[in-house]
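Take a look at the structure below.
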Amino acid sequence: MSQLSSAIVAGVGPVRGLGAALASCFAEKGLHVFIVGRSEDKLEKVAQHIEQRGGSATPVVADITVDEDVRRLFEMVRSRGDAIDIAAYNVDSNIPAPFLETDTKTFAVLWRQNCLGAFLFAKQTIGIMQAQQHGTLFFTGATASLRARPPFTAFASAKAALRALAQGLAREFSPQGIHVVHTIIDGVIAGDRARSQFPEYVKAKGEEGLLQPDAIAQTYWTIHQQHPSTWTHELDLRPFKEPF
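Its first residue numbered 26, the sequence shown is counted upward by one per residue in our numbering.
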């Protein structure tokens, strides 16, 4: 390659999580990875994990729902001068609440984190990929992207909006060489977040009933490598034991 290549992963939390798994996978494939999140401590641990395995990463503390933070992030990305092969919007926020107990602030927070941030991230990403005439842009969705069930109605409305955004971008920018992908994570990811927030549920599911972060990341990489004549826009991922 005449030009070095990078990836950007927004929504990186603990080392045992999907964001970190995506970043580690892309780094192992030779890409420099910008890892983005709100916790400096978690980002530093993920960066160390990547570097210990021979990869290269730049941690960026940013709130991806804030326009100024997103602009600052992409100024850093552009200053490196790499091509951006992959960008993944992996931000996920879920606040369960029955509808009549959902206040305006909660509804707005969910929309900002699950959709508005994706809009800001995509606008900057596509500007770079459009000039390159190539690149893969991933959006991580959820079961709620397709169906709303209480007490997650507000979350589902935000995830459905994210799905619509991804569809529109795919239809507009695929002809320009930008591969836009929406993934539906239909199940529970075997990461620190699930183990800490609902350990009994995780225990009941068992390891075979959980999505493994590294396996999801490998799927993302496989899709990134698809030939343009057979691009996937949307796919669902679930454990083989998960009913649907």
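Beta carbons are placed, not taken as given, at the ideal position from N, Cα and C, and that holds for glycine.
Please read these numbers as outputs of a predicted model, since none were measured by experiment.
Spatial neighbours of serine 170 in its own chain (CB-CB distance under 8 Å, excluding positions within 5 residues in sequence) are listed in chain order as Ala181, Lys184, Ala185, Leu187, Arg188, His207, Ile209. Within the stretch 43–106, the runs of alpha helix (DSSP H) at least 4 residues long that lie entirely inside it are, in chain order, 43–53, 65–77, 92–105. A buried status is given to arginine 137, since no fewer than 16 other beta-carbon atoms sit within 10 Å of its beta-carbon.
In the three-state DSSP reduction, glutamate 267 falls in the coil class, being neither helix nor strand. Isoleucine 203 and leucine 162 do touch by the CB rule: their CB atoms are close to 6 Å apart, below 8 Å. Residues of the same chain with a CB within less than 8 Å of the CB of serine 31, apart from the 5 flanking positions on each side, are Leu56, His57, Val58, Phe59, Val102, Arg105, Asp107, Ala108, Ile109, Asp110 in chain order. Nearest C-alpha to leucine 135 among Arg174, Pro84, Ser118: Ser118. For histidine 249, the secondary structure class from DSSP, reduced to helix, strand or coil, is helix. Spatial neighbours of aspartate 217 in its own chain (CB-CB distance under 7 Å, excluding positions within 5 residues in sequence) are listed in chain order as Pro39, Arg41, Gly42. In this chain, the alpha helix (DSSP H) harbouring isoleucine 151 covers 142–157. For aspartate 110, the uninterrupted beta strand (DSSP E) run begins and ends at 108–114, by DSSP. The three-state secondary structure of serine 118, taken from DSSP, is coil. In the structure shown, the three-state DSSP call for aspartate 261 is strand. Bridge pairing for valine 205: Leu162 [DSSP]. Membership of valine 134 in the alpha helix (DSSP H) is indicated by the continuous run 129–136. Residue nearest to proline 176 within the set Gln201, Pro224, Glu126 is Glu126 (criterion: CA-CA distance). Here the stretch 68–86 makes no contact with the stretch 140–155; the two share fewer than three CB pairs at distances below 8 Å. Counting only residues of its own chain and dropping the five nearest sequence neighbours on each side, glutamate 76 has a CB closer than 7 Å to the CB of Ala82.
Inclusion of proline 238 and alanine 45 in the CB contact set at 9 Å is warranted, their separation being smaller than that value. When the beta-carbon positions are compared, arginine 97 and alanine 87 come within less than 9 Å of each other. If you look at serine 30, you'll find it in the beta strand (DSSP E) that goes 30–35. A distance below 7 Å between beta-carbons, with the five flanking residues on each side excluded, links aspartate 211 to the following residues of its chain, in chain order: Thr168, Asp261, Leu262, Arg263, Glu267, Phe269. In the three-state scheme derived from DSSP, where H, G and I count as helix and E and B as strand, alanine 173 is classed as coil.
Pairing alanine 143 with alanine 191 gives a Cβ-Cβ distance under 9 Å. Taking alanine 48 as reference, the option from Tyr245, Pro253, Phe265, His252 with the minimal CA-CA separation is Tyr245.
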